[in-house]
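Peer 1: This is the structure I have questions about; it appears just below.
Structure (structure tokens):
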């Protein structure tokens, strides 16, 4: 029973401590969660969970540990405001993944994501075709910021004079960085022979293709070549 009372007391104390630290750190822990914030949040949460159930180790050990993580996170934040170099070193810098409509594969490598991750992040922003994107910036918090091309920008009031009625479709990336996508072909119920015939019509060599998109509705293959 004595241990049960300790768990109840320590759990309550752990919750209050987490609440206070979260309020002091501010909403950036959820709004701008970058690598440092992620590590800090996970560590403090793990220490708090350990404190809630540990009955043999003095509870103030855990409090000291959480306070240390809080202080270091606060120091990093303050130094980042005073010295841009220190902030870039710890939190990284945004990377331009699409520059003037062109996918930058070097930036993709630096960001540790691949082409399919880029397509997925773009879809989360309601851009299903990379051809609609002028600039895409991979932020330090893992979010993708997109500047669309003029013909793909959000509608304004003056744009409602005439809107073409076309059924939307999801683009199929049948070739990515010179490699045929077996998954895309299976979704289209086609094979490599069919794709190679389409590429011959476009006079495009497979190893020179950055990506190729097939539109089922128009039976059109859009090919983007490497520079």
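Numbering (the numbering used here), first residue to last: 65 to 291. C-beta: ideal position from N, C-alpha, C; glycine also.
#1: Can you find the residues in the same chain that come closer than 7 Å, C-beta to C-beta, to residue 198, ignoring five residues on each side of it along the sequence?
#2: Going by the CB atoms, is the gap between residue 259 and residue 249 shorter than 8 Å?
#3: If the criterion is Cβ atoms closer than 8 Å, does the pair residue 175 and residue 185 meet it?
#4: Do the stretch 238-246 and the stretch 203-210 touch if we need at least three Cβ pairs shorter than 8 Å?
#5: Are the beta-carbon atoms belonging to residue 179 and residue 241 less than 8 Å from one another?
#6: Taking Cβ positions, are residue 268 and residue 287 nearer each other than 8 Å?
#7: Going along the chain, which unbroken runs of the beta strand (DSSP E) with 3 or more residues stay wholly within the stretch 110-195?
#8: Could you tell me the alpha carbon to alpha carbon distance between residue 278 and residue 236, rounded to whole angstroms?
#9: Once the 5 residues before and after residue 201 are set aside, which same chain residues still bring their CB inside 6 Å of it?
#10: Please state whether DSSP places residue 104 in a helix, a strand or coil.
#11: Could you name the residues that DSSP lists as bridge partners for residue 216?
#12: Who does residue 254 pair with in a DSSP beta bridge?
#13: Here's the rule: buried if 16 or more other CB atoms are within 10 angstroms of the residue's CB, otherwise exposed. What is residue 110?
#14: For residue 130, tell me which candidate among 142, 113, 284 has the shortest Cα-Cα distance.
#15: Can you tell me whether residue 265 is helix, strand or coil according to DSSP?
#16: Roughly how many whole angstroms lie between the Cα atoms of residue 217 and residue 203?
#17: By DSSP, does residue 284 sit in helix, in strand, or in coil?
#18: Does the Cβ of residue 125 have 16 or more other Cβ atoms within 10 Å, making it buried, or fewer, making it exposed?
#19: In this structure, does DSSP put residue 205 in helix, strand or coil?
#20: With burial defined as no fewer than 16 other Cβ atoms inside 10 Å of the residue's Cβ, what is the status of residue 137: buried or exposed?
#21: Using a Cβ-Cβ cut-off of 8 Å (strictly less than) and excluding sequence neighbours within five positions of residue 289, which residues of its own chain qualify?
#22: What is the residue span of the beta strand (DSSP E) that residue 241 lies within?
Peer 2: Taking the coordinates as given:
#1: If we look at residue 198 and ignore the five residues flanking it on each side, its Cβ neighbours are 164, 165, 211, 212, 213.
#2: Yes, the pair counts as a contact, with Cβ atoms nearer than the cut-off.
#3: Going by beta carbons, residue 175 and residue 185 fall outside the 8 Å limit.
#4: At 8 Å Cβ cutoff, the stretches do not touch.
#5: Yes; because the gap between Cβ atoms is below 8 Å, this pair is in contact.
#6: Contact: yes.
#7: Here the runs fully enclosed are 159-163.
#8: Going by C-alpha positions, residue 278 is about 5 Å away from residue 236.
#9: Within the same chain, and ignoring the five residues on either side of residue 201 in sequence, the residues whose Cβ sits closer than 6 Å to its Cβ are 158, 160, 209.
#10: If DSSP states are grouped into helix, strand and coil, residue 104 belongs with the helices.
#11: Beta bridge pairing from DSSP links residue 216 with no other residue.
#12: By DSSP's assignment, residue 254 forms no beta bridge with any residue.
#13: Residue burial annotation: residue 110 is exposed, with fewer than 16 other C-beta atoms found within 10 angstroms of its C-beta.
#14: Here the closest residue by C-alpha is 113.
#15: Three-state result, residue 265: helix.
#16: In a straight line, the C-alpha of residue 217 is about 21 Å away from that of residue 203.
#17: Here residue 284 sits in strand by DSSP.
#18: With fewer than 16 other Cβ atoms from the protein chains shown falling within 10 Å of its own Cβ, residue 125 counts as exposed.
#19: Here residue 205 sits in coil by DSSP.
#20: Classification for residue 137: buried.
#21: Correct list, in chain order: 268, 272, 273, 274.
#22: The continuous stretches of beta strand (DSSP E) do not include residue 241, and DSSP gives it neither H nor E.
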